[in-house]
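Visitor: What follows is a single structure, and I will ask about it in a moment.
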Amino acid sequence: MTGPELIIRGRRAESKAVRHVPKTHLGPKYLVVVYREASGRKHIITAYFTSDLKKIKGDVVWRA
49 MTGPELIIRG
59 RRAESKAVRH
69 VPKTHLGPKY
79 LVVVYREASG
89 RKHIITAYFT
99 SDLKKIKGDV
109 VWRA
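Under my numbering, think of the first position of the sequence shown as 49, with each following residue one higher.
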């Protein structure tokens, strides 16, 4: 993902890049891309939409 608004460190050494998407067919949502870094490379685990930032577990490590 380019231009995330938040990076959240998860509980299992994964990171979550979060960006607000104002228009989806379901209304405004947040796109969450879960990834891990290994050997200097980022590997995507999964991605999903959510409407509630409070449901994303972890600590904010970077904010745009």
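For each residue, glycine too, the CB sits at the ideal point set by N, CA and C. Note that the structure is predicted; figures quoted are calculated from it, not measured.
1) How far does the beta strand (DSSP E) with residue 98 in it reach, from first residue to last?
2) Does residue 149 come out as helix, strand or coil in the three-state DSSP assignment?
3) Between the Cα of residue 97 and the Cα atoms of 74, 53, 83, 88, which residue gives the shortest distance?
4) For residue 106, which residues of its own chain have a beta-carbon under 6 angstroms away from its beta-carbon, when the five flanking residues on both sides are left out?
5) Just to confirm before moving on: does the CB-CB distance between residue 66 and residue 104 stay below 8 angstroms?
Guide: So, to answer that:
1) 89 to 98
2) Any property of residue 149 remains undetermined from this structure, which presents the chain solely from 49 to 112.
3) 74
4) 56, 57, 58
5) yes
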